[in-house]
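Student:
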Amino acid sequence: MQSSRSASTRMLPAAVAGLVFSALMFLGLFGLISRHGGGIDKADTLPTIDFVRLKRETDLQTIERRKPPPPPPPKNPPPPPKLKVAADTPQDVQPMPFNMPNLGLSASVGGGPFLGQLGSGAGPATGMSMFEGDIIPLQRIAPQYPRKAASEGIEGYVKLQFIVNSDGSVREAKVVEAKPRGIFDAAAIAAALRWKFKPKVVDGKPVEQKGVQTIDFNLGEE
1 MQSSRSASTR MLPAAVAGLV FSALMFLGLF GLISRHGGGI DKADTLPTID
51 FVRLKRETDL QTIERRKPPP PPPPKNPPPP PKLKVAADTP QDVQPMPFNM
101 PNLGLSASVG GGPFLGQLGS GAGPATGMSM FEGDIIPLQR IAPQYPRKAA
151 SEGIEGYVKL QFIVNSDGSV REAKVVEAKP RGIFDAAAIA AALRWKFKPK
201 VVDGKPVEQK GVQTIDFNLG EE
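If you count by the UniProt record's numbering, then the sequence shown holds residues 1 to 222, one letter each, in order.
1) Between which residues of its own chain and Ile-183 is the CB-CB distance below 7 Å, once the five residues before and five after are set aside?
2) Count the other C-beta atoms from every protein chain shown that fall within 10 angstroms of the C-beta of Ile-33, then say buried if there are 16 or more, exposed otherwise.
3) Nearest to Gln-144 by CA position, among Asn-76, Ala-187 and Asp-203, is which residue?
4) Do Val-212 and Gln-161 count as a contact pair if the criterion is CB distance below 7 Å?
5) Would you mind stating whether Lys-210 and Ile-163 have Cβ atoms separated by less than 7 Å?
6) Look at Ser-166 and Pro-137 and say whether their C-beta atoms are less than 7 Å apart.
7) Let me confirm a value: Pro-95 is counted as buried when at least 16 other C-beta atoms fall within 10 Å, else exposed. Which label applies?
8) Between Arg-65, Ala-191 and Lys-159, which has its C-alpha nearest Val-176's C-alpha?
9) For Ala-192 versus Val-170, is the C-beta spacing smaller than 7 Å?
10) Over the uninterrupted beta strand (DSSP E) stretch that includes Glu-172, give me the two end residues.
11) What would DSSP say about Lys-196, mapped onto helix, strand or coil?
12) Give the straight-line distance between the Cα atoms of Pro-13 and Gly-28, rounded to the nearest whole angstrom.
13) How would you write the range of the alpha helix (DSSP H) that Lys-75 sits in, first residue to last?
14) To the nearest angstrom, how far is the alpha carbon of Lys-205 from that of Phe-197?
15) Got a sec? Which residues, its chain only, sit under 7 Å from Ala-122 by beta carbon, not counting five neighbours each side?
16) For the alpha helix (DSSP H) holding Lys-67, just list the boundary residues, first then last.
17) Mapping DSSP to helix, strand and coil, what is Phe-184?
18) Tell me, which residues are paired with Lys-205 by DSSP?
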């Protein structure tokens with residue numbers, strides 16, 4: 001009996017020491033595991049990114065640009081400048097001597113130009129009657145003196161033959177005689193085609209008739 005009690009008494013401290021040692025070992029392992037696990041969690045943890053959505057401004061602010069107001073007009077505007085204009089003094093103009101060419105025309109009683117006595121056409125013609133008496137002019141236009149002939153002092157005459165229509169107009173004016181030839185022909189014909197005569201009436205109807213006229217072209221005659 002005493003030997004068994006003494007054996008139990010000797011084994012009790014050893015058992016207590018074993019329990020304490022086991023508890024310390026357990027606590028040590030738990031601490032290591034806790035430390036190791038915490039390191040893994042910290043290493044494996046990724047940083048989080050927060051996305052912030054900004055509100056887009058849809059309304060644009062418009063800036064109105066206003067023109068500055070015009071400056072007020074001056075109360076007393078300056079008078080406009082006076083322009084001095086020299087008065088034009090009339091000058092005495094001496095008339096230049098000019099010799100008008102004499103075309104052999106004289107004034108008629110009716111106030112129109114007159115080319116002198118008209119002659120009659122010789123002999124009968126188809127479609128027209130014999131000319132009887134003088135042709136009565138209503139409009140006689142003087143021919144224009146050719147410039148070249150006037151500058152060179154050339155004088156002459158043109159004898160024309162023409163037909164007076166039933167309405168008094170002139171047609172088919174042609175030169176039958178001229179001196180010098182070809183100088184005054186065109187001017188004489190152009191003037192004759194603008195003449196106007198009183199139609200000849202036969203049996204109450206106007207008829208055609210033939211006329212002949214000589215036009216003189218002279219310079220410096222009174």
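Where is the CB? At the ideal position from N, CA and C, for every residue including glycine.
Tutor: Taking the structure as given:
1) Pro-146, Ala-149, Ile-154 and Gly-156, listed in sequence order.
2) Exposed, since its Cβ has fewer than 16 Cβ neighbours within 10 Å.
3) Gln-144 has its Cα closest to that of Ala-187, out of Asn-76, Ala-187 and Asp-203.
4) yes
5) The answer is yes: Cβ separation under 7 Å.
6) no
7) Confidence is the limiting factor: at Pro-95 the pLDDT is only 46, short of 50, which leaves the residue's position unreliable and the question unanswerable from this model.
8) Lys-159
9) Yes, they are a contact pair.
10) 170-179
11) strand
12) Across the structure, Pro-13 and Gly-28 are spaced so that their CA atoms are roughly 22 Å apart.
13) The continuous stretches of alpha helix (DSSP H) do not include Lys-75, and DSSP gives it neither H nor E.
14) 15 Å
15) Summary for Ala-122: the model assigns pLDDT 37, below 50, so the residue's position carries little reliability, and this model does not support an answer.
16) Here Lys-67 belongs to no alpha helix (DSSP H), and DSSP marks it neither H nor E.
17) coil
18) Val-202
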